[in-house]
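> One structure coming up, written as structure tokens, with questions to follow.
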Amino acid sequence: MTTQFYERLSNDLTQLLENPIDYNVTIEVGEEPDKKIYKVHSYILQSRNSYFQKKFNEISFNENHIKVFKMSNISIKIFNIIIKYIYGGIILLEKLENSVIFDLLITSNELNLDELVEHLQTHFVNNNASWLRLNFSQVYRTSCQVKNFNIIKDFCNNIISKYPNTIFESEDFQTLPEDTLISIIKRDDLQLEESKIWQYVIQWGKAQNPTLPSNLDEWTNNNFLTLKTTLKQCLSHIRYFSISGKDFFEMIFPYQQILEPKLWLDINSKFLVPDKPISSTVLPPRKVLNVTLPTRTTLTSNIITDEHTLEISSWIDRRESNYTENNPYEFKLLVRGSRDGFDVKTIYEICDKVSNTVIVLKVKDIGEILGGYIPCELDKNNTRWIYSQDSFAFSLKTTNLINSILSRVNNFDYAFANYPQHSLLHFGNTLCLRNNLKTDKKCCCLQNWYSYDKPIRSEELIDNVLSDKSGFNVEEYEVFEVSKKK
């Protein structure tokens, strides 16, 4: 029987990093004036990582028998995590923002830390899929550029297969790398009509050749040859024999010159004499689902995800379990701080006489997402407490909060403070918004959560970061009108 003492080994090596006896390499991280110098051991880094093995072999010892290595393009925060992982095999992600973890993933790949790259991708897909969806464009573009991001790329491709417009209608579509486009149109489960796929492929091909005439009637043989050459690797993945005669005539016929003569003849033969054998490869029809996929919401938020709206909708309907798809409510954006201004009076002005609103805000520096639901109308001309049996405040699940916190009103007469003249907007004392949310640091969540059944900030956060009356600034806030879908 083999006994393994990995924890003790990890602790001892971590101590060696903190007390670098007999170090023979210094690594300068960051740029002046904030750079930091790490004293490390070449034999540890070389045995753990091929990147450092190669780099250290390229550097000679100085007169003090030390190799000096500079890494100015890596942040100190990221390198702290990586060097502790290399020495001790330990990494703690719970208190890191997702954006930092994503930067860590990119840097880990650059340093050939394959084990860590796989772990971080799995962590995102299993634990923070909502962040990947919220930042889909950035995530997918990066996964396409980096060959080792296969786990995240597969995650993104599965979304694209179900919701093709996510990528085909995005601003980034025309700049997709060719191999990425091919990986999408090769999928048997791509939920899109074949004629639409053809149109998108043509659109992409034209975008790669901006000098082609916009009017097809003006195209020369050379123009068609240019497009054919550009799309050479893509055209073989179109399921031509699954396209209707009408769509074929309207969409493919004008571009017949970019198809191989034999394929063109076989397609026409299939329409005229369906039973006649052909020599061209006939790809199987795509596996388009017979059921309608749940529509992805057209939520345009800088703060919350579709999963967050499903949770909020469940609270509105007082469900014991959350909606997982087919959100019965539509979230219509009314106000955004970065667009409309951060003064609380702005909310009253824009949302005057509007009921059933949800306010969400992202706390600066901490990454918390706080908010509340107001079923009654806001009123910019009156200062008063508003009665409500259904309002609630909340803190949404993020990297730093395992589960969302819901706090329902229990003193109905004092559910909501409608105080436009004083630039105040309060859910009892459980969430208080005041003055300029971005600059004045007057917002707070008191432990004396008057009118609501519980505080919405986690005890750990209050104990470790905040005092009971600690004010905070808001990085961004949004107000949505919530209504039943027709």
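Here the UniProt record's numbering is used: the first residue of the sequence shown is 1, the next is one more, and so on.
Glycine is no exception: its CB is placed at the ideal position from the N, C-alpha and C atoms.
Which first and last residues belong to the alpha helix (DSSP H) in which Ser137 is found?
Counting from 1 along the sequence shown, the entry for residue 137 is found at position 137. It spans 136-145 - the alpha helix (DSSP H) in which Ser137 sits, taken as one unbroken run.
> For Ser161 and Leu181, what's the separation of their Cα atoms in angstroms?
By 1-based counting over the sequence shown, the position of residue 161 is 161. By 1-based counting over the sequence shown, the position of residue 181 is 181. C-alpha separation (whole angstroms): 12 Å.
> Out of Lys186, Ile167, Val409, Gln145, which one is the CA nearest neighbour of Arg133?
Here residue 133 refers to the residue found at position 133 of the sequence shown. The residue with the shortest Cα to Cα distance from Arg133 is Ile167.
> May I have a chain-ordered list of the alpha helix (DSSP H) segments no shorter than 4 residues that lie completely inside the UniProt domain "BTB" (23-95)?
Taking only runs of at least 4 residues, the alpha helix (DSSP H) segments lying wholly in the UniProt domain "BTB" (23-95) are 42-48, 50-57, 76-88.
> Assuming Ala415 and Ile456 form a contact by the criterion Cβ under 8 Å, report the distance between their Cβ atoms to the nearest whole angstrom.
Taking the sequence shown and counting its residues from 1, one reaches residue 415 at position 415. Taking the sequence shown and counting its residues from 1, one reaches residue 456 at position 456. Actually they are not in contact, since the Cβ atoms of Ala415 and Ile456 sit about 15 Å apart, beyond 8 Å.
> Would you give the residue range spanned by the alpha helix (DSSP H) that His426 belongs to?
On the sequence shown, residue 426 is found 426 positions in, with the first residue counted as 1. Not the alpha helix (DSSP H): His426 falls in the beta strand (DSSP E), residues 424-427.
> So, with DSSP's three-state summary, where would you put Asp352?
Against the sequence shown, residue 352 aligns to sequence position 352. Here Asp352 sits in strand by DSSP.
> In the DSSP assignment, what residue or residues form a beta bridge with Thr357?
As a working mapping, residue 357 is identified with position 357 in the sequence shown. Looking at the DSSP assignment, Thr357 forms a beta bridge with Ile374, Glu481.
> Based on the DSSP output, what are the partners of Phe416 in its beta bridges?
For this step, residue 416 is matched to residue 416 along the sequence shown. Phe416 is bridged to Ile386.
> Please state whether DSSP places Pro294 in a helix, a strand or coil.
Within the sequence shown, residue 294 is the residue found at index 294, counting from 1. For Pro294, the predicted structure reports a pLDDT of 47, less than 50, and the residue's modelled location is therefore unreliable. A value from the coordinates is still provided. DSSP places Pro294 in coil when its eight states are reduced to three.
> Need the endpoints of the beta strand (DSSP E) that Ser395 sits in, please.
Translated into positions along the sequence shown, residue 395 becomes position 395. That run of the beta strand (DSSP E) goes 392-395.
> Determine which residues share a DSSP beta bridge with Asn436 and list them.
For this step, residue 436 is matched to residue 436 along the sequence shown. Note: Asn436 sits in a beta bridge opposite Asp343.
> On the CB-based measure, 16 or more other CB atoms within 10 Å of its CB, does Val427 come out buried or exposed?
Stepping through the sequence shown from its first residue, residue 427 is reached at position 427. The amino acid at residue 427 is misidentified as Val; the sequence shows Phe. The residue is buried, with at least 16 neighbouring Cβ atoms inside 10 Å.
> Distance check for Ser183 and Pro254, CA to CA, integer angstroms please.
As a working note, residue 254 is residue 254 in the sequence shown. As a working note, residue 183 is residue 183 in the sequence shown. Going by the C-alpha atoms only, they are around 26 Å apart.
> In angstroms, rounded to a whole number, what distance separates the CA positions of Thr229 and Lys77?
To locate residue 229, count along the sequence shown from 1; it is residue 229. To locate residue 77, count along the sequence shown from 1; it is residue 77. C-alpha separation (whole angstroms): 46 Å.
> If you run the structure through DSSP and keep just helix, strand and coil, what is Ile456?
For the purposes of this step, residue 456 is identified with residue 456 of the sequence shown, where counting begins at 1. Note: Ile456 maps to coil in three-state DSSP.
> For Ser273, count neighbouring C-beta atoms within 10 Å of its own C-beta (all shown protein chains included) and say buried if the count is 16 or more, exposed if not.
Sequence index remark: in the sequence shown, residue 273 carries index 273 (1-based). Checking the displayed sequence, the identity of residue 273 turns out to be Val instead of Ser. Result: exposed.
> Shortest alpha-carbon distance to Gln447 belongs to which of Asn429, Gln4, Asp440?
Against the sequence shown, residue 447 aligns to sequence position 447. Among Asn429, Gln4, Asp440, the Cα nearest to that of Gln447 belongs to Asn429.
> Spatial neighbours of residue 488 within its chain, please: C-beta separation below 6 Å, excluding the five flanking residues on both sides.
A query on residue 488 cannot be resolved here, the shown segment of the chain reaching from 1 to 486 and no further.
> Which whole-angstrom value is the C-beta distance of Asp352 and Lys380, which I expect to be below 8 Å?
Locating residue 352 in the sequence shown gives position 352, where the first residue counts as 1. Locating residue 380 in the sequence shown gives position 380, where the first residue counts as 1. Confirmed, about 4 Å.
> Leaving aside the five residues before and after Tyr6 along the sequence, list all residues of the same chain whose C-beta is less than 8 Å from its C-beta, in chain order.
Taking the first residue of the sequence shown as 1, we reach residue 6 at position 6. These residues qualify, in order along the chain: Gly89.
> Pull up the CB-CB distance for Tyr87 and Leu16, whole angstroms please, since I reckon it's below 8 Å.
The residue labelled residue 87 in the question sits at position 87 within the sequence shown. The residue labelled residue 16 in the question sits at position 16 within the sequence shown. Their Cβ separation, rounded to whole angstroms, is 7 Å, which keeps Tyr87 and Leu16 in contact under 8 Å.
> Could you give the C-beta distance for Ser483 and Tyr329, rounded to a whole number, given that I count them as a contact under 8 Å?
Position 483 of the sequence shown, counting from 1, holds the residue named residue 483. Position 329 of the sequence shown, counting from 1, holds the residue named residue 329. About 7 Å separates the two Cβ atoms, so the contact holds.
> Is it the case that the Cβ atoms of Val363 and Phe480 are separated by a distance below 7 Å?
The residue labelled residue 363 in the question sits at position 363 within the sequence shown. The residue labelled residue 480 in the question sits at position 480 within the sequence shown. In this structure, Phe480 does not lie closer than 7 Å to Val363 by Cβ.
> Could you spell out where the alpha helix (DSSP H) holding Ser270 opens and where it closes?
The residue labelled residue 270 in the question sits at position 270 within the sequence shown. One point to set straight first is that residue 270 is Lys, not Ser, in the sequence displayed. It spans 261-272 - the alpha helix (DSSP H) in which Lys270 sits, taken as one unbroken run.
> With 16 other CB atoms within 10 Å as the buried threshold, where does Asn268 fall?
For the purposes of this step, residue 268 is identified with residue 268 of the sequence shown, where counting begins at 1. Looking at its Cβ environment, which holds fewer than 16 other Cβ atoms inside 10 Å, Asn268 is exposed.
> Using three-state DSSP, classify Leu461 as helix, strand or coil.
Your numbering for residue 461 matches position 461 in the sequence shown. A caution first: Leu461 carries a pLDDT of 48, below 50, which makes its placement in the model too unreliable to give a value.
> Going along the chain, which residues of its own chain have a beta-carbon closer than 6 Å to the beta-carbon of Thr14, five neighbours each way excluded?
Counted from its first residue, the sequence shown places residue 14 at position 14. If we look at Thr14 and ignore the five residues flanking it on each side, its Cβ neighbours are Tyr87, Gly88.
> Mapping the DSSP letters down to three states, classify Val288 as helix, strand or coil.
The residue given as residue 288 occupies position 288 in the sequence shown. Val288 falls in the coil class under three-state DSSP.
> Are the CB atoms of Asn24 and Ser50 nearer to each other than 7 Å?
Position 24 of the sequence shown holds residue 24. Position 50 of the sequence shown holds residue 50. Taking 7 Å as the Cβ cut-off, Asn24 and Ser50 do not qualify as a contacting pair.
> Label His308 either buried or exposed according to how many other C-beta atoms from any shown protein chain fall within 10 Å of its C-beta, with 16 as the threshold for buried.
On the sequence shown, residue 308 is found 308 positions in, with the first residue counted as 1. Buried, because 16 or more other Cβ atoms sit within 10 Å of the Cβ of His308.
> Report buried or exposed for Ser108, applying the criterion of at least 16 other Cβ atoms within 10 angstroms of its Cβ.
Stepping through the sequence shown from its first residue, residue 108 is reached at position 108. With 16 or more other Cβ atoms within 10 Å, it is buried.
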